[in-house]
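In my numbering, the protein residues as written are 16 to 556.
Even glycine gets a Cβ: it sits at the ideal position worked out from N, Cα and C.
None of the values given here were measured: they were computed from a predicted structure.
Please read the structure below before turning to the comments.
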């Protein structure tokens, strides 16, 4: 492998590894920093909402206890309770009238209440299963439900019924006050219950639980019945009972929660006051009035409550903002079709949307923490979770945001790093080639010059290369070239001298040789002359 290629690869490798190391360290430091910041923000939101929702329930508790101690409510309970018991005697309806009223009530339950309720049930109910067969119940349900001129959702607007009795008078007297409290504080309903019999002697909204018994009536086993019994057993006047959300038939099987406390007249318990908890108010707190962005939760963050049954206790943000995709998501994750239909029917996720995740399981066990895991949609989220005890209810509060959104800035940073990395790599390759050429070009020229010197061409011109190592090497080559050239020229001069001497000696030798030859030739002539003379003498003498 040529040195130029080696140099290019070496420069490239060193720079590449350096940039890669810096990029990776920068990315993970930014991600870690953002993760810590995101978890801190989620924890802050979780704590804020935990405080707000706890304070809200305590506020309702204080309102409930204050109202139960209100002299006007005590008076209303006493009067309505008494008139409830005497309504049959006061109206003096005969059996035929009562039978007709009963038929009307059953028909109302069948055509109005069950028409809607059965859509939300797995198995069909019949009017007889919701009906209380006693005179007071029949008369009051007929008067305030059947003969009520207002639509089903507006029965609370009637402050009296077309019956002339003391109950009607008392209802008209106190209804406006109780209805105003219910509407002002956003309660779903307010109940006055006879603590002795369990009869629901008053409600604001006049649903099918009105004028039924929570002791042995059709709704005695509901969570309202449980709440009533706990409140009736309270040892102190200010003790309250709070039951968790559960399907409640009179509210068309929507999930409902109740809070109740005893009503005392002096030291005697005369009734129980109960509130049906306002889901909308709880939603308003947990969703920050549907202003999640203002709370720092971006486009995908939410804070929600989960019960012991691992279902939501407030609305899902994703149902509120994009119901179409929410229902698609439910189908994709394999949610039971019955649950999907109920969420669609109620337009609500309370008690229906299951949230069994790593965070909820940890919090149900009593652990507080923050981790990354898949939420109830199957989407990775950053989550801050903790158990939340609200007046005896063991719930869980979760504050979450999609991992993709939480790390969007890091993702952008990563993309920028990759883009810069690619750009720098191109620049690095170019620079590596340029630097390599700057180093190898003079080396190649020196190599060529060395080859020329090796061939005996001592006239090759070696240029100055600067003060770097290559320049020093070139300077050494120049000195070596000069030394060799001088040596060669010296040798050539000596050779010339020796050649001249040899030539001179050669000429001398040649001259001597010529003289010798001439002498020999002269001798031969003399010899020939003498020989000739001898022959002549012999002949003529």
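Beta-ladder partner(s) of residue i, from DSSP
i	result
residue 386	398
residue 567	Since the first residue shown for the chain is 16 and the last is 556, residue 567 is missing from the structure and cannot be characterised.
residue 369	326
residue 242	Residue 242 is not bridged to any residue.
residue 321	327 and 411
residue 184	DSSP output for residue 184 lists no bridge partner at all.
residue 261	271
residue 228	214
residue 403	410
residue 256	275
Bounding residues of the beta strand (DSSP E) (the contiguous stretch that carries residue i)
i	result
residue 283	283-291
residue 216	215-218
residue 206	204-209
residue 273	269-280
residue 151	Here residue 151 belongs to no beta strand (DSSP E); instead the alpha helix (DSSP H) covers 150-156.
Supposed close pair residue i, residue j - CB separation, criterion 8 Å
i	j	result
residue 290	residue 75	6 Å
residue 135	residue 238	Contact flag wrong, Cβ pair sits at about 16 Å.
residue 401	residue 378	6 Å
residue 98	residue 181	4 Å
residue 120	residue 153	6 Å
residue 348	residue 392	7 Å
residue 61	residue 399	5 Å
residue 53	residue 416	7 Å
residue 222	residue 266	7 Å
Sequence-distant residues of the same chain with beta carbon closer than 7 Å to residue i, five excluded per side
i	result
residue 322	259, 260, 328 and 410
residue 434	none
residue 210	247, 277, 284, 285, 286 and 287
residue 303	309 and 310
residue 177	158 and 162
residue 389	372 and 395
residue 167	127
residue 142	121, 124, 125 and 129
Residue i: first and last residue of the uninterrupted alpha helix (DSSP H) it sits in
i	result
residue 358	352-361
residue 341	338-347
residue 119	110-123
residue 131	129-132
residue 98	86-106
residue 299	294-301
Nonlocal neighbours in the same chain, by C-beta distance under 6 Å from residue i, ignoring five residues either side
i	result
residue 253	80
residue 83	276, 278 and 288
residue 204	218, 219, 220 and 291
residue 173	163 and 165
residue 230	213
residue 139	133
Buried or exposed (CB count within 10 angstroms, at least 16 for buried), residue i
i	result
residue 456	exposed
residue 102	buried
residue 357	buried
residue 73	exposed
residue 330	buried
residue 367	buried
residue 70	exposed
residue 228	buried
Neighbourhood of residue i by C-beta, 8 Å cutoff - its chain only, sequence neighbours within 5 removed
i	result
residue 144	233
residue 293	200, 201, 202 and 203
residue 249	255, 256, 276 and 277
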